[in-house]
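As given, the protein sequences belong to chains A and B, one line each in that order.
For any residue, its number in my numbering is found by taking its place in the first sequence, counting from 1, and adding 37.
For any residue, its number in my numbering is found by taking its place in the second sequence, counting from 1, and adding 37.
Glycine included, every Cβ here is placed at the ideal spot set by N, Cα and C.
2 protein chains.
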Amino acid sequence: MEDDYILDLAQRAKRAAGILASSSGKQRTEALQTMARNLRSQAEQIIEANRQDLAAARKAGLSEAMLDRLGLDEGRIEKMAESIEQIALGVDPVGQIIDGWTLPDGVVIHKRRVPLGVVAIIYESRPNVTSDAAALCLKSANAVILRGGKEAIASNGAIARIIRQALKEVGLPEDTVGFVERSEHELVNDLLKQEGLIDVVIPRGGKSLIRAVVENSHIPVIKHYEGICHVYVDAGAELEMAHRIVMNAKVQRPGVCNAAETLLVHAEVAEEFLPSACDELAGAGVELRGCERTRKLYRSVVGVASEDDWSSEYLAMILSIKIVSNLDEAIEHINRYGSGHTDAIVTQNIEAAEDFVARVDSASVMVNASTRLSDGGVYGLGAEVGISTDKLHARGPMGAADLTTYKYVVYGRGHLRQ
Amino acid sequence: MEDDYILDLAQRAKRAAGILASSSGKQRTEALQTMARNLRSQAEQIIEANRQDLAAARKAGLSEAMLDRLGLDEGRIEKMAESIEQIALGVDPVGQIIDGWTLPDGVVIHKRRVPLGVVAIIYESRPNVTSDAAALCLKSANAVILRGGKEAIASNGAIARIIRQALKEVGLPEDTVGFVERSEHELVNDLLKQEGLIDVVIPRGGKSLIRAVVENSHIPVIKHYEGICHVYVDAGAELEMAHRIVMNAKVQRPGVCNAAETLLVHAEVAEEFLPSACDELAGAGVELRGCERTRKLYRSVVGVASEDDWSSEYLAMILSIKIVSNLDEAIEHINRYGSGHTDAIVTQNIEAAEDFVARVDSASVMVNASTRLSDGGVYGLGAEVGISTDKLHARGPMGAADLTTYKYVVYGRGHLRQ
Chain A
38 MEDDYILDLA QRAKRAAGIL ASSSGKQRTE ALQTMARNLR SQAEQIIEAN RQDLAAARKA
98 GLSEAMLDRL GLDEGRIEKM AESIEQIALG VDPVGQIIDG WTLPDGVVIH KRRVPLGVVA
158 IIYESRPNVT SDAAALCLKS ANAVILRGGK EAIASNGAIA RIIRQALKEV GLPEDTVGFV
218 ERSEHELVND LLKQEGLIDV VIPRGGKSLI RAVVENSHIP VIKHYEGICH VYVDAGAELE
278 MAHRIVMNAK VQRPGVCNAA ETLLVHAEVA EEFLPSACDE LAGAGVELRG CERTRKLYRS
338 VVGVASEDDW SSEYLAMILS IKIVSNLDEA IEHINRYGSG HTDAIVTQNI EAAEDFVARV
398 DSASVMVNAS TRLSDGGVYG LGAEVGISTD KLHARGPMGA ADLTTYKYVV YGRGHLRQ
Chain B
38 MEDDYILDLA QRAKRAAGIL ASSSGKQRTE ALQTMARNLR SQAEQIIEAN RQDLAAARKA
98 GLSEAMLDRL GLDEGRIEKM AESIEQIALG VDPVGQIIDG WTLPDGVVIH KRRVPLGVVA
158 IIYESRPNVT SDAAALCLKS ANAVILRGGK EAIASNGAIA RIIRQALKEV GLPEDTVGFV
218 ERSEHELVND LLKQEGLIDV VIPRGGKSLI RAVVENSHIP VIKHYEGICH VYVDAGAELE
278 MAHRIVMNAK VQRPGVCNAA ETLLVHAEVA EEFLPSACDE LAGAGVELRG CERTRKLYRS
338 VVGVASEDDW SSEYLAMILS IKIVSNLDEA IEHINRYGSG HTDAIVTQNI EAAEDFVARV
398 DSASVMVNAS TRLSDGGVYG LGAEVGISTD KLHARGPMGA ADLTTYKYVV YGRGHLRQ
C-alpha cells in the first residue's frame, strides 16, 4: 500500500510491547478479567455488529456452514468470556527461570522466559479467534496485531474495541491489541514486511492462506497446517479397544484437524478386525475407501481408495483404509503420507509401541489413545494458540508459554574472558 | 538449476535422517571419535587440498586476512579433531524427556527431544565450520547438507570425504553429511526451495549472506546476525571493575560478535571514569568516537561519533562512547541501536541491575561481567552452532540441543475424547 497504515500499527504495537515487557502478571490478569467482564456487559454491541456481518455475508451468498461459523449470540459471547477467564487462571509463563546453573568460576547463569514482543495473527472467519488470540498474547505479555477475515470485520472490530477499552481501564496500553480495521488484501503483504517490528506471524486458517503467508513473509512464521492423522491397529492390538479408538478418532468430531483420516491395519488381524469395524463405521455414516486387500476382504461396504486418498485431509465422514504387512510398512506409510500432526498405534506389544513412538515423525504420537486427544486443553496447556505442524520453536499444541522466548541473564563479579 | 543435483542431495539426506533418528547415542559417539581419528591420520590430504584453495585464492587476489582464515595446517586440523572429541563427550540431547505429566484420567504425556531431521548450513570461508557443523548435527542425530564458500571448496571437500568415510566405518549412512561439491551460485537457491526435505537453514557468515538466505528461503531460517554489544557503566558502578570489563569487552578479541562496540556512561560518574578509561583504551590502540558530552570532557583523545556509529559493528579496535543522563536513556539507546546480541551493565545497585536485565531486549544480558563471556563454550553448552540473534526456537549461543525439536508421546489405555 502507499500509505503507512500498517507501519503505524506495527510501531504502536512495538511501543506497547516495550511497556508490557515490564508489566506485572497481576496487572495482566486484571486486564484479562476486565476484558471478560466487558465482553459480557457489552455483548449487545457485538451482536449488533455481527448482524451487519451476517447481512453482508448473506448478500454475498456465503454457505450456511460459513454463516454458522460467523454468527454470534449471547451463548457464544459467554464462551469467549469464559475462555479469557480460563487463560487468566493459567500459570504465568513470563519470568519463569527455565534453566540455570553456576560456572566453576562463580558466574551464575539464568535462562529466563520473556515475551516474544509483537505477534501478528492472520485468521479467517471465526470471530472468537479475536478474543482468544488477544488473551493468549496478553497472558504472555506480547502485543498483538490481529488481521481477521473480511466477512467478520464488523464483529471483530467491536470485540477489539471492547478489549482495548479494558486494557485502558487497568492502565495498560490500548495498542497491546492492534486490529487491522481496513480490509484491503494488500495490507497483509504490508504486515508481512515489518520484520523490524513484528517478531512472529501465526496464520490460522486454510492451506492456501498459510501458503500465501509463508511465501510472502520476511518474518518467521509458525505454521498450523492440516492434520492427516492415522490410527494403526497392530497385530498385538486388543481389538475391542481398537474399535473404540478408531470410532472415536473418526466420528466424534470429523471436521477438526486431529480427527483420523486413514486407518492402517496389520494383515494378521485384518480379517478378524476389519469387517466388524467397517460395519460399525459405515453404520455411523462414514464413507470407507480401501486398498485392494481391504476390498477383497469386504468389498460390499468399502469403496476404492486412490493414491490421492492417502494424502487427503477429508475433515468429513470419510475414512481411507489400508492393510499393511507389518509395523515397518505402517510407519513408512505414515511418514510418507501423513502431515506430522498426530498418529496413533493400538497395541499391547511394548516393543511395537516403542518402535512406533521412536520412528513416527509427528508432533503427537499416541499409544492406545484416540488422535482426538491431541489438544492443548486436553494436554493441560490451557487455551491453545493452535496446533503447530512446524518443528521449529513450537511443535504440536501451542499454549501461552509457546508465545515466549528466553534470555540468558549472566551475573558476574567483574568476570572477564580469559 | 536445471538438473536435480540438490534435489538428489536433499533426498539422500532425508533418507539418512530417517535412519539416524533411530541410531543409538553410542553409535553416534563412536562415529564422532572415528571422525576425529581419521582427520588426524589423513591430515596430509586436507593440507594438500588446502594448498590448491590457497593458490587459487592468491591468484584471485584475496586479502591476507582472508588467506589466514582459509589456511589449514597440522595445528588447525588438530584443533578440529579436538573440537569433535569435545562434542562427542557432551550430553546426548536426543531422547531426553524434557517434560512430562499424568492427566487426571491416567493418560501419561512425555515431551521427548528428537532430532529436527535435515539441517542445511550455508557458510563462508573457514574450513573448520565443515567439521564443527557436521559433528554438532551428528551429535543431535540430524543429517546435514553443507554448502561452504567457493574459495574453500577443495579443503571442505577433503574434510567432508574423510567424515563420510568415518560414518561408513561405524555403519551409519554416509549421506548423514552431504556436501555441495559444485560451486554454482544458483545451487543455494535450489537448496532454499527444498522445504519438504530440509527442516531448517542456518546461514553463518556476513550480513549480506544472511539477508540473501532470509529473502529466498522457503524453509525456516535461524539467523546469526551481527553483535552490536554495549557496556553500560552505571552511576552505581565500582569504577575499578568497570575499567577491567570495558577493556576486556573491547580489546581481548575485537574481531568477534560478542566484543563491545559502544560504551555508555552515566553522567554522574562520567567525569571520574571516562578520562582514565579513555587513556587506557587509547593506550591499547583503540580509536575512540564520542558524543558531544564525552568530547567536552576529553576532546584530546576522543574523535566525533556520528549517528551511524551507534549502529555500527566495527569488529575492530574502535569504540563509540556516549554519556547518558540515566538508566532509562541507556536502556533506550541499547534497544534502539543494539542488535539484541549481548549487553552488559556494571553496577553495585541491585535495582539498576534488575531493571536493566528486565528491560534490555537482548539474547544475553550481563551484570558485572564482560560481553565476551556470551559464548556457548563459556556457558557450558559445549561447542556452538553459532549465536542466534533470532527470538524463535533458539536465542543466544546455540548448542547441539538447539538442533532438536520435541514430540509429545501420549500413553493411554484405550482413552477417548469425550
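Take B/Q289, set aside five residues on each side of it, and the residues of its chain with a beta-carbon closer than 6 Å to its own are R409, in chain order. Measuring C-alpha to C-alpha distances from A/L224 to each of A/Y416, A/V361, A/V258, A/L46 identifies A/L46 as the nearest. A/E111 counts as exposed, since fewer than 16 other beta carbons sit within 10 angstroms of its beta carbon. At least 8 Å separates the beta-carbon of A/D412 from that of A/V397.
Rounded to the nearest whole angstrom, the CA to CA distance from A/V402 to A/E317 is 25 Å.
Exposed is the label assigned to A/E277, since fewer than 16 other Cβ atoms lie within 10 Å of its Cβ. Cβ-Cβ distances below 6 Å link A/S357 to T299, R326, A342, D346 in the same chain, with the five nearest sequence neighbours on each side left out; the list follows chain order. Spanning the alpha carbons of A/D236 and A/A431 requires a straight line of approximately 14 Å. Taken through DSSP and simplified to helix, strand or coil, B/T426 comes out as coil.
Residue contact with chain B for A/M354: absent (no Cβ-Cβ distance below 8 Å to any residue of chain B).
Restricting attention to B/G137, B/L126, B/L99, B/E101, the CA atom closest to the CA of B/V446 is found in B/G137. Apart from sequence neighbours up to five positions away, the residues of its chain that approach A/R52 with a beta-carbon distance below 8 Å are P210, D212, ordered along the chain. In this structure, B/V250 keeps its C-beta atom at 8 Å or more from the C-beta atom of B/H303.
Linking B/N285 to A/I121 through their CA atoms gives a straight-line distance of about 49 Å. DSSP, read as helix, strand or coil, puts A/I121 in helix. Interface annotation for the stretch 132–153 of chain B against chain A: W138, L140, V144, I146, L153, criterion Cβ-Cβ distance under 7 Å. Here the alpha carbon of A/K359 sits roughly 13 Å from the alpha carbon of A/A297. Take the alpha-carbon of A/N75 and the one of B/P291: they are about 56 Å apart. Secondary structure at B/T384: coil, using DSSP grouped into helix, strand and coil. For A/M435, the nearest beta carbon of chain B is not closer than 8 Å to its own beta carbon.
Distance from the CA atom of A/A191 to the CA atom of A/A80, rounded to whole angstroms, is 14 Å.
Residue state for B/Y448 is assigned as strand, using DSSP reduced to three classes. In the DSSP secondary-structure assignment, A/G433 is bridged to A/S425. The continuous beta strand (DSSP E) containing A/T299 extends over residues 297–303.
B/L352 sits in coil when the DSSP states are folded into three classes, being neither helix nor strand.
By the CB criterion at 8 Å, A/S376 and A/I259 fall outside the cutoff. Runs of the beta strand (DSSP E) lying entirely within the stretch 211–242 of chain B and spanning at least 3 residues, in chain order: 214–216, 237–241. Counting C-beta pairs closer than 8 Å gives fewer than three between the stretch 93–112 of chain B and the stretch 139–146 of chain B, which falls short of the contact rule.
Between the stretch 165–183 of chain B and the stretch 122–132 of chain B, the count of Cβ pairs shorter than 8 Å is three or higher; the stretches touch. Close to B/P240, with beta-carbon spacing below 7 Å, lies no residue of chain A; the smallest spacing is near 14 Å. Distances from the CA of A/E101 to each of A/T66, A/R149, A/S162 were compared; the closest alpha carbon is that of A/S162.
About 12 Å separates the Cβ atoms of A/S407 and B/R450, ruling out a contact at the 8 Å cut-off. About 6 Å separates the beta carbon of B/V151 from that of B/T442, a gap short enough to meet the 8 Å contact definition.
Counting other Cβ atoms within 10 Å of its Cβ, B/L229 reaches 16 or more and is therefore classed as buried. Closer than 8 Å to the CB of B/K359 there is not a single CB belonging to chain A. Here the alpha carbons of A/A314 and A/L364 stand approximately 20 Å from one another.
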